[in-house]
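Numbering (my numbering), first residue to last: 480 to 835. Note that the Cβ used here is the ideal one computed from N, Cα and C, for glycine as well. Since the model is a prediction, treat every value here as computed from it, not as a measurement.
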């Protein structure tokens, strides 16, 4: 069910996605679900989210919390604030429990304590590690995820989800950073882990997957996850010239197996699959002539005589016939081609086909 908070978040993500589409895919129209653009809702993302929480922890406070509940102590460790400077005056109720002159624990110490406490709760440990992935550095490993979110505002989002009042701001800030850096893996982690269950979300995710497909060298991998079969097929056909032959054949085969796509699109897929299979067969005959299938495709236009000569040398007349469906055979080669084919049929004693 939509709430004001989630609708506001979808508006913000929709605006960010549209900017991304304008940059990555300016020549392709990818429709997004239209929402009433509420200026007031989207303006809430303009404020910067503070990276510290509201209270500090001393050794006495931590010991007291552990004596009551290790789970409570874990939550306190995750939500504690980093020490910037000692407070001038006033103590929180938590600080009053211990010695007033006691110094707050350093974040490193709190993180160590949190890691130790979490080792008693492996399910919670895995849960926190999974949800914290989008908010930590890419080189962070294993249980370091939990250490790295101690004292960060994202810990409140991880613990409370959309019950956290600043959830939208935290998500949008992380998403904006990931999109700006073109860190598509992190973009998708944020979407899947923290937004995935929202209504009207699939179209936005598809659009961002298309942006990733356009930007990444292995972009075909992102198209496998696109939900809209027509959009997936159109993008696959559009970007083929950027990708290796095997990857192209794999994604086209996947698209073609989808039953719910437009008839003309299915025909385009079938034609392209057949064309790529021709390139694969020619590359098998002479794998040292072209660096990739894109070079071969260019050579088919610029120098068809070479291609025909290679095919005739292999006596693969069926391949030659298939090739001619996509590229016109030069007139001066037709006579010699027919003669060679006829001699081949007579040699293998295929009388019926030779008479044809």
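For this session: Pull up the distance between the alpha-carbon of residue 720 and that of residue 749, whole angstroms please.
Result: Position 241 of the chain shown, counting from 1, holds the residue named residue 720. Position 270 of the chain shown, counting from 1, holds the residue named residue 749. Rounded to whole angstroms, residue 720 to residue 749 spans 17 Å at the Cα level.
Exercise. Along the chain, where does the alpha helix (DSSP H) that runs through residue 493 open and close?
Worked result: Within the chain shown, numbered from 1, the residue matching residue 493 stands at position 14. Per DSSP, residue 493 is one residue of the alpha helix (DSSP H) stretching across 483-503.
Exercise. With 16 as the cutoff for other CB atoms within 10 Å, does residue 547 come out buried or exposed?
Worked result: Counting from one through the chain shown, the residue named residue 547 turns up at place 68. Label assigned to residue 547: exposed.
Exercise. Is the CB-CB distance between residue 610 and residue 637 below 8 Å?
Worked result: Within the chain shown, residue 610 is the residue found at index 131, counting from 1. Within the chain shown, residue 637 is the residue found at index 158, counting from 1. Yes, Cβ-Cβ distance for residue 610 and residue 637 is below 8 Å.
Exercise. Who are the Cβ neighbours of residue 488 in its own chain at under 6 Å, not counting the five residues just before and after it?
Worked result: Residue numbering aside, residue 488 sits at position 9 when the chain shown is read from its first letter. Answer for residue 488: 647, listed in chain order.
For this session: Since I believe residue 764 is in contact with residue 789 (beta carbons under 8 Å), could you give me their beta-carbon distance rounded to a whole number of angstroms?
Result: Position 310 of the chain shown, counting from 1, holds the residue named residue 789. Position 285 of the chain shown, counting from 1, holds the residue named residue 764. Yes, residue 789 and residue 764 are in contact; Cβ-Cβ is about 6 Å, under 8 Å.
Problem set entry | Spatially closest choice to residue 739 from 768, 725, 706 and 717, by CA coordinates | Locating residue 739 in the chain shown gives position 260, counting from the first residue. Measuring from the Cα of residue 739, the nearest candidate turns out to be 706.
Exercise. Apart from the five residues on each side of it in sequence, which residues of its chain come closer than 7 Å, Cβ to Cβ, to residue 499?
Worked result: Indexing the chain shown from 1 puts residue 499 at position 20. So the list reads 658, 687 and 690, once near-sequence residues are dropped.
For this session: Output yes or no for whether 8 Å exceeds the beta carbon distance between residue 669 and residue 613.
Result: The count along the chain shown starts at 1 and reaches residue 669 at position 190. The count along the chain shown starts at 1 and reaches residue 613 at position 134. For residue 669 and residue 613, yes; Cβs fall inside 8 Å.
Exercise. Pick from 704, 746 and 752: whose alpha carbon is nearest that of residue 725?
Worked result: Taking the first residue of the chain shown as position 1, residue 725 is located at position 246. Closest in alpha carbon position to residue 725, among 704, 746 and 752, is 752.
Exercise. With respect to the alpha helix (DSSP H) encompassing residue 711, which residues constitute its N-terminal and C-terminal limits?
Worked result: Residue mapping note: residue 711 aligns to position 232 of the chain shown, counting from 1. Per DSSP, residue 711 belongs to the alpha helix (DSSP H) from 708-718.
Exercise. Alpha carbon to alpha carbon, how far is residue 760 from residue 781?
Worked result: For the purposes of this step, residue 760 is taken as residue 281 along the chain shown, with counting starting at 1. For the purposes of this step, residue 781 is taken as residue 302 along the chain shown, with counting starting at 1. Residue 760 and residue 781 have their C-alpha atoms roughly 19 Å apart.
Exercise. Do residue 588 and residue 625 come within 8 Å of each other at the CB atom, strictly closer than that value?
Worked result: As a first step, residue 625 is located in the chain shown; it is residue number 146 there, counting from the start. As a first step, residue 588 is located in the chain shown; it is residue number 109 there, counting from the start. For residue 625 and residue 588, no; Cβs fall outside 8 Å.
Exercise. In chain order, what residues of the same chain lie with their CB nearer than 8 Å to the CB of residue 795, ignoring the 5 residues before and after it?
Worked result: Indexing the chain shown from 1 puts residue 795 at position 316. Exclusion of the five residues before and after residue 795 leaves 760 and 764 as the residues of its chain whose Cβ lies within less than 8 Å of its Cβ.
Exercise. Given a threshold of 16 other Cβ atoms within 10 Å of its Cβ, counted over all protein chains shown, does residue 578 qualify as buried or as exposed?
Worked result: Here residue 578 is taken as the residue at index 99 of the chain shown, counted from 1. For residue 578, the pLDDT reaches just 48, beneath the cut-off of 50, and the residue's location in the model is therefore unreliable, leaving the point undetermined.
Exercise. By how many angstroms is the C-alpha of residue 644 removed from the C-alpha of residue 483?
Worked result: Taking the chain shown and counting its residues from 1, one reaches residue 483 at position 4. Taking the chain shown and counting its residues from 1, one reaches residue 644 at position 165. About 12 Å.
Exercise. Just how far apart, CA to CA, sit residue 627 and residue 682?
Worked result: As a first step, residue 627 must be located in the chain shown, where it is residue number 148. As a first step, residue 682 must be located in the chain shown, where it is residue number 203. Approximately 32 Å between the Cα atoms of the pair.
Problem set entry | Residue interval of the alpha helix (DSSP H) (run including residue 602) | For the purposes of this step, residue 602 is taken as residue 123 along the chain shown, with counting starting at 1. Run containing residue 602: 601-611, per the alpha helix (DSSP H) assignment.
For this session: Go ahead and label residue 702 buried or exposed: buried means 16 or more other beta carbons lie within 10 angstroms of its beta carbon, across all protein chains shown.
Result: Sequence index remark: in the chain shown, residue 702 carries index 223 (1-based). A buried status is given to residue 702, since no fewer than 16 other beta-carbon atoms sit within 10 Å of its beta-carbon.
Exercise. Can you tell which of 662, 714, 684 and 742 has the C-alpha that lies nearest to the C-alpha of residue 693?
Worked result: Numbered from 1 along the chain shown, position 214 holds the residue referred to as residue 693. For the set 662, 714, 684 and 742, the Cα lying nearest the Cα of residue 693 is the one of 714.
Exercise. Does the Cβ of residue 527 have 16 or more other Cβ atoms within 10 Å, making it buried, or fewer, making it exposed?
Worked result: Sequence index remark: in the chain shown, residue 527 carries index 48 (1-based). For residue 527, the predicted structure reports a pLDDT of 49, less than 50, and the residue's modelled location is therefore unreliable. The matter cannot be settled from this model.
For this session: May I have the straight-line CA-CA distance separating residue 784 from residue 507, to the nearest angstrom?
Result: As a first step, residue 784 is located in the chain shown; it is residue number 305 there, counting from the start. As a first step, residue 507 is located in the chain shown; it is residue number 28 there, counting from the start. Near 36 Å, if we compare the C-alpha coordinates of residue 507 and residue 784.
Problem set entry | Distance between beta carbons of residue 747 and residue 716, contact taken as under 8 Å | In the chain shown, the residue the question calls residue 716 occupies position 237. In the chain shown, the residue the question calls residue 747 occupies position 268. Right, the Cβ-Cβ distance comes to about 6 Å (below 8 Å), so this counts as a contact.
Problem set entry | Cα-Cα separation, residue 493 to residue 504 | Residue mapping note: residue 493 aligns to position 14 of the chain shown, counting from 1. Residue mapping note: residue 504 aligns to position 25 of the chain shown, counting from 1. The alpha-carbon atoms of residue 493 and residue 504 are separated by roughly 15 Å.
Problem set entry | Nearest-angstrom Cα separation, counted from residue 661 out to residue 491 | Locating residue 491 in the chain shown gives position 12, where the first residue counts as 1. Locating residue 661 in the chain shown gives position 182, where the first residue counts as 1. Their backbone Cα atoms lie some 18 Å apart in a straight line.
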